[in-house]
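Enquirer: This is the structure I have questions about; it appears just below.
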Amino acid sequence: IADLAALREAGFDTDIAAHHRRGGRVLGLCGGYQMLGGRISDPEGLEGPPGSAEGLGLLDVETVLSASKRLEAVTGVSSDGISFAGYEMHTGHTTGADCSRPFSSIGGTPEGASSRDGRVVGTYVHGLFCDDRQRSAWLSRLGGTVSGLNYEANIDAILDRLAAHMEQHLDIDGLLKIAR
Numbered sequence: 250i251a252d253l254a255a256l257r258e259a260g261f262d263t264d265i266a267a268h269h270r271r272g273g274r275v276l277g278l279c280g281g282y283q284m285l286g287g288r289i290s291d292p293e294g295l296e297g298p299p300g301s302a303e304g305l306g307l308l309d310v311e312t313v314l315s316a317s318k319r320l321e322a323v324t325g326v327s328s329d330g331i332s333f334a335g336y337e338m339h340t341g342h343t344t345g346a347d348c349s350r351p352f353s354s355i356g357g358t359p360e361g362a363s364s365r366d367g368r369v370v371g372t373y374v375h376g377l378f379c380d381d382r383q384r385s386a387w388l389s390r391l392g393g394t395v396s397g398l399n400y401e402a403n404i405d406a407i408l409d410r411l412a413a414h415m416e417q418h419l420d421i422d423g424l425l426k427i428a429r
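With the numbering used here as the guide, the letters of the sequence shown map in order to residues 250 to 429.
Spelled out as structure tokens, the structure:
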């Protein structure tokens, strides 16, 4: 609820609504998904004082935060048939009419929501754009250029360069002696 208040304070709610009104697409991930709905409720005061707040209203869903936290790696298939790997890390449960048009299926269970016109999508799945297949599908859907970038290979190369730089400039053995 505090993040939603900060979004409004910065004026991003107006920007998102204007983008949508002009025909733009909106994707909400995790808390962003919750904010796209009609209401977020925190009856137990898990993320601040107990209460609720009106969401942006771009999805016909409501979220109730709860003490149980979901944290796990997931694989699934988006509604357009493209498989993905990612992870979920959230509290709360989201329900509503737009959940009848889920973003994906994870282990045979519907996940996320899509607006009737398909221009607004919400999901709890993090890491979608790290998945080469999903990133390419979203770029194609939006008319962007698909680069063929291999995320895993890119990350490995970056980490290898960082490790080499650290080995060159740090006394690792000295640091380990101090740490013991």
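Ideal Cβ placement from N, Cα and C applies to all residues, glycine included.
So F261 is in the alpha helix (DSSP H); what residue range does that whole segment cover?
Expert: F261 to R270 is the span of the alpha helix (DSSP H), which, as asked, contains F261.
Enquirer: Identify whether E401 lies in helix, strand or coil by the three-state DSSP scheme.
Expert: Of the three classes helix, strand and coil, the one that applies to E401 here is helix, per DSSP.
Enquirer: Within the stretch 286-364, note down every full beta strand (DSSP E) run reaching 3 residues or more, in order along the chain.
Expert: List check, beta strand (DSSP E) in window: 288-291, 300-303, 311-327, 332-344, 353-355 and 358-360.
Enquirer: Against chain D, does S349 count as a neighbour if the rule is that its beta carbon must be under 8 Å from one of theirs?
Expert: The chain inventory of the structure shown lacks chain D, comprising one protein chain alone.
Enquirer: Please report the straight-line C-alpha distance between L411 and E401, rounded to a whole angstrom.
Expert: For L411 and E401, the distance between alpha carbons rounds to 15 Å.
Enquirer: On a Cα-Cα basis, can you pick out the residue from A251, R270, L388 and R429 that is closest to G304?
Expert: Residue A251 is the option with its Cα nearest to G304.
Enquirer: Relative to the alpha-carbon of E311, which residue among L320, L391, T358 and S301 has its alpha-carbon at the smallest distance?
Expert: Closest by alpha carbon: S301.
Enquirer: Between the beta-carbon of G376 and the beta-carbon of A362, is there less than 8 Å?
Expert: For G376 and A362, no; Cβs fall outside 8 Å.
Enquirer: Would you identify the three-state DSSP class for G277, choosing helix, strand or coil?
Expert: Reduced to three states, the DSSP call for G277 is strand.
Enquirer: So G423 is in the alpha helix (DSSP H); what residue range does that whole segment cover?
Expert: Its alpha helix (DSSP H) spans residues I421 to A428.
Enquirer: Indicate whether the contact test is met: 3 or more Cβ pairs, each with one atom in the stretch 336-352 and one in the stretch 380-395, closer than 8 Å.
Expert: No, the stretch 336-352 does not touch the stretch 380-395.
Enquirer: Check this for me: beta carbons of G423 and V374, under 8 Å apart or not?
Expert: Not in contact: G423 and V374 (Cβ atoms no closer than 8 Å).
Enquirer: Short check: CB of P299 to CB of V313, under 8 Å?
Expert: Their beta carbons are not under 8 Å apart, which means P299 does not touch V313 by this criterion.
Enquirer: In the DSSP assignment, what residue or residues form a beta bridge with T394?
Expert: None, per the DSSP bridge assignment.
Enquirer: Please look up how many angstroms separate the CB atoms of T340 and L295, rounded, as I've assumed it's under 8 Å.
Expert: T340 to L295, Cβ: 6 Å. Contact.
Enquirer: Pull up the distance between the alpha-carbon of V323 and that of D420, whole angstroms please.
Expert: If I take the Cα positions, the gap works out to 39 Å.
Enquirer: Along the beta strand (DSSP E) that carries G367, what are the first and last residues, could you check?
Expert: From DSSP, G367 is part of no beta strand (DSSP E); its letter is neither H nor E.
Enquirer: Which first and last residues belong to the alpha helix (DSSP H) in which L206 is found?
Expert: The structure shown has nothing for residue 206, since the chain only spans 250 to 429.
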